[in-house]
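In the order they appear, the protein sequences are chains W and B.
The numbering of the first sequence is my numbering, which starts it at 589 and goes up by one.
The numbering of the second sequence is my numbering, which starts it at 2 and goes up by one.
Have a look at the structure below before the remarks.
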Amino acid sequence: KNQVEQSPQSLIILEGKNCTLQCNYTVSPFSNLRWYKQDTGRGPVSLTIMTFSENTKSNGRYTATLDADTKQSSLHITASQLSDSASYICVVSDRGSTLGRLYFGRGTQLTVWP
Amino acid sequence: EADIYQTPRYLVIGTGKKITLECSQTMGHDKMYWYQQDPGMELHLIHYSYGVNSTEKGDLSSESTVSRIRTEHFPLTLESARPSHTSQYLCASSEYRGESPLHFGNGTRLTVT
């Protein structure tokens, strides 16, 4: 069964600290992995998309890594800011069909305290 | 910055009523989607479209229907709302190529009493 599991479910950190969010998946055949940020009351916003051949991709203070062999990804946030408080969603796309199907994780709820 | 718009943002309605959730995008994207999201849960695909006059059911059709008469417009209709339809509904669009990111609207929060 194709699944995407995220950990931790929730996380609280102090402003300025770094943190790492985890995503494990069983989706096969794999096409790409995406990280989205969802602020409360808003729609998700894309942070990164990584294909099979990419193992690191950065977007400002956000760095995503992908290990396609172990089917794991992480999202590292550097020097956290209050505005980083949000839910971070991992999404994996398969290549089972021409246009791919998306499998969503339940998200990690990050809270940054001053 | 949003180029995809959903209305209304909030809707409270009684059981049995017919409602239409509106979604429009100005990016010329061929692919559009409707997702349902409950707190702490993953997004579930309700309907999707790959272009004008193309619509498909997702995992959760939830007694709803969609239409795609114009590229930019993808409304979702519930013929008879029930309390189990209470949820957040997110519309999204993307370019046709498989690695394109989804662009989401800010959602409609529906409450059925």
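Each residue gets a CB set at the ideal place from its N, CA and C atoms; glycine is no exception.
Since the structure is predicted, the reported quantities are computational estimates derived from the model, not experimental observations.
Check: Whole angstroms are fine: how far does the CA of tryptophan 623 of chain W sit from the CA of arginine 683 of chain W?; Outcome: 18 angstroms
Check: Between the C-alpha atoms of threonine 658 of chain W and glutamate 593 of chain W, what's the straight-line distance to the nearest angstrom?; Outcome: 13 angstroms
Check: Of all the beta strand (DSSP E) runs that stay within the bounds of the stretch 82 to 110 of chain B, which reach a length of 3 or more residues?; Outcome: 88 to 95
Check: Report yes or no: is there a C-beta of chain W within less than 8 angstroms of the C-beta of methionine 42 of chain B?; Outcome: yes
Check: Flag this pair as yes or no: are the beta carbons of asparagine 620 of chain W and glutamate 80 of chain B separated by less than 8 angstroms?; Outcome: no
Check: Of all the beta strand (DSSP E) runs that stay within the bounds of the stretch 662 to 693 of chain W, which reach a length of 3 or more residues?; Outcome: 674 to 682, 690 to 692
Check: Between the stretch 613 to 626 of chain W and chain B, which residues of the former have a C-beta closer than 9 angstroms to a C-beta of the latter?; Outcome: Ser619, Asn620, Arg622, Tyr624, Gln626
Check: Compare the C-beta of proline 596 of chain W with all C-beta atoms of chain B and state if any pair is closer than 8 angstroms.; Outcome: no
Check: Could you pull the start and end residues of the beta strand (DSSP E) that glycine 52 of chain B belongs to?; Outcome: 45 to 52
Check: Would you identify the three-state DSSP class for asparagine 612 of chain W, choosing helix, strand or coil?; Outcome: strand
Check: If we call anything under 8 angstroms between Cβ atoms a contact, is leucine 103 of chain B one with tyrosine 90 of chain B?; Outcome: no
Check: Excluding sequence positions up to five away, which residues of its chain have a Cβ less than 6 angstroms from the Cβ of leucine 654 of chain W?; Outcome: Leu621, Met638, Asn643, Ser661
Check: Is it buried or exposed, tyrosine 613 of chain W, if we count other Cβ atoms within 10 angstroms and call 16 or more buried?; Outcome: buried
Check: Mind pulling the chain B residues with CB within less than 8 angstroms of phenylalanine 640 of chain W?; Outcome: Result: empty, since nearest Cβ-Cβ is about 11 angstroms, beyond 8 angstroms.
Check: Buried or exposed: which applies to serine 94 of chain B, given that a residue is buried once 16 or more other Cβ atoms fall within 10 Å of its Cβ?; Outcome: buried
Check: Report yes or no: do the stretch 27 to 35 of chain B and the stretch 46 to 54 of chain B share at least 3 C-beta pairs separated by less than 8 angstroms?; Outcome: yes
Check: Nearest to proline 617 of chain W by CA position, among W:Gln697, W:Tyr691, W:Val700, W:Pro702, is which residue?; Outcome: W:Tyr691
Check: What does glycine 108 of chain B touch in chain W if you count any residue whose Cβ is under 9 angstroms from its own?; Outcome: Gly629, Arg630, Gly631
Check: Which class does leucine 61 of chain B belong to by DSSP, given the choice of helix, strand or coil?; Outcome: coil
Check: Between serine 671 of chain W and chain B, is any beta-carbon pair separated by less than 8 angstroms?; Outcome: no
Check: Under 8 angstroms, do threonine 72 of chain B and proline 9 of chain B count as touching if we go by C-beta distance?; Outcome: no
Check: Check for me: the beta strand (DSSP E) holding alanine 652 of chain W runs from which residue to which?; Outcome: 650 to 655
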